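Visitor: Okay, here's the structure, questions in a sec.
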Amino acid sequence: MKEHAEKETATGTGALCQVCKEKVPKYTCPGCERKTCSLECVQEHKKQYSCTGKRDRTSFVKREDLSHKTLISDYKLLEEVERIDDVAKRSQPPVPRRQLPAYLKSLVYQATCRGVDLRLVAPGMKKRKDNTTRYDGRSQTLSWRIEWRFQTDVSPQQQQGDTIVRHNSRVHEQTILQTILDEHLQHLFQGEIPPCEVYMRQEGLPANEAALLPVDMSSTLGAFLKGKVIIEYPVLLCITKNIPDK
7 MKEHAEKETA TGTGALCQVC KEKVPKYTCP GCERKTCSLE CVQEHKKQYS CTGKRDRTSF
67 VKREDLSHKT LISDYKLLEE VERIDDVAKR SQPPVPRRQL PAYLKSLVYQ ATCRGVDLRL
127 VAPGMKKRKD NTTRYDGRSQ TLSWRIEWRF QTDVSPQQQQ GDTIVRHNSR VHEQTILQTI
187 LDEHLQHLFQ GEIPPCEVYM RQEGLPANEA ALLPVDMSST LGAFLKGKVI IEYPVLLCIT
247 KNIPDK
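Position one of the sequence shown corresponds to residue 7 (my numbering), numbered consecutively onward.
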């Protein structure tokens with residue numbers, strides 16, 4: 007007892023292993039700074055004090071205690087945080103697509119079944135608000151909104167001719183296109199009806215590659231739209247030699 011007391015007095019309590027209290031410590035825990043003398047004491051102190059054995063890199067360090075080691079540790083911490091943030095951003099799930107109302111889902115599905123690539127614009131846009139195209143579940147038929155743009159024959163010197171815009175709210179897909187056009191021409195023109203060529207813009211092309219598709223007016227609406235890309239509803243350009251002032 008006397009020998010142990012003399013040893014403790016000579017070295018001081020803090021100079022002994024803080025687990026076994028017998029040997030001179032060799033290790034200092036980076037986490038809790040307790041001093042231990044062996045691997046057994048290191049493992050025991052982790053169990054006894056619930057210590058991870060790792061330094062808290064976010065703890066406050068006084069200016070006078072700063073060293074090259076702490077600066078390197080802080081730098082590595084910042085690099086690790088940046089890496090984890092980058093991984094988190096890359097691992098984010100894709101933003102869920104806006105769900106369409108049931109009637110629009112059905113409309114797109116039925117158009118696809120008929121070979122029409124129907125594409126809808128964002129909610130709130132004018133073309134979406136104007137679209138009156140609907141699918142009738144009872145008769146299992148589509149009725150399309152059609153926009154007709156009647157335009158005078160444009161000469162090379164003109165940039166744009168006069169245009170009259172008319173609409174059909176819902177046209178049955180089995181309707182012959184010429185019958186609808188004749189109704190509009192009879193309303194627009196008095197007397198003899200001038201020749202009229204009808205085109206539809208080919209959608210899905212770059213702006214610098216715009217193209218017009220000739221419309222077969224003897225076909226049904228559904229047959230003509232098959233294999234085409236339609237943005238909300240078909241827009242048909244009707245070019246005539248003369249157009250009345252209306």
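Glycine residues also receive a C-beta, built at the ideal position from the N, C-alpha and C atoms.
Please read all numbers here as calculations on a predicted model, not as lab measurements.
1. Quick one: grab the DSSP three-state call for Thr42.
2. Of all the options Cys23, Glu85 and Leu218, which has the alpha carbon lying nearest to the alpha carbon of Glu46?
3. May I ask you to list the residues that DSSP assigns as paired with Phe66?
4. Hey, out of Glu209, Phe156, Arg63 and Tyr141, whose CA is closest to His190's CA?
5. Between which two residues does the beta strand (DSSP E) harbouring Ile186 extend?
6. Once the 5 residues before and after Ile237 are set aside, which same chain residues still bring their CB inside 6 Å of it?
7. Here's a check: name, in chain order, each residue in its chain whose Cβ is nearer than 6 Å to the Cβ of Gly121, leaving out the five neighbours to either side.
8. How about Ile170 and Leu194: are their beta carbons less than 8 Å apart?
9. Quick one: using the 10 Å Cβ neighbour count with 16 as the cut-off for buried, is Pro240 buried or exposed?
10. Please list the terminal residues of the continuous alpha helix (DSSP H) segment that includes Arg96.
11. Within this structure, are the beta carbons of Asp123 and Val235 separated by less than 8 Å?
12. Could you name the residues that DSSP lists as bridge partners for Tyr239?
13. If you check the beta carbons only, do His51 and Arg40 fall under 8 Å apart?
14. Pull up the distance between the alpha-carbon of Ala213 and that of Glu85, whole angstroms please.
Guide: Result, derived from the coordinates:
1. strand
2. Cys23
3. Answer by DSSP bridge pairing: none, since Phe66 is not bridged.
4. Phe156
5. It is not in any beta strand (DSSP E) - Ile186 instead sits in the alpha helix (DSSP H) that spans Leu183 to Leu194.
6. Arg125 and Glu209
7. Lys232 and Gly233
8. yes
9. buried
10. His74 to Arg96
11. yes
12. Per DSSP, none; premise fails for Tyr239.
13. yes
14. 45 Å
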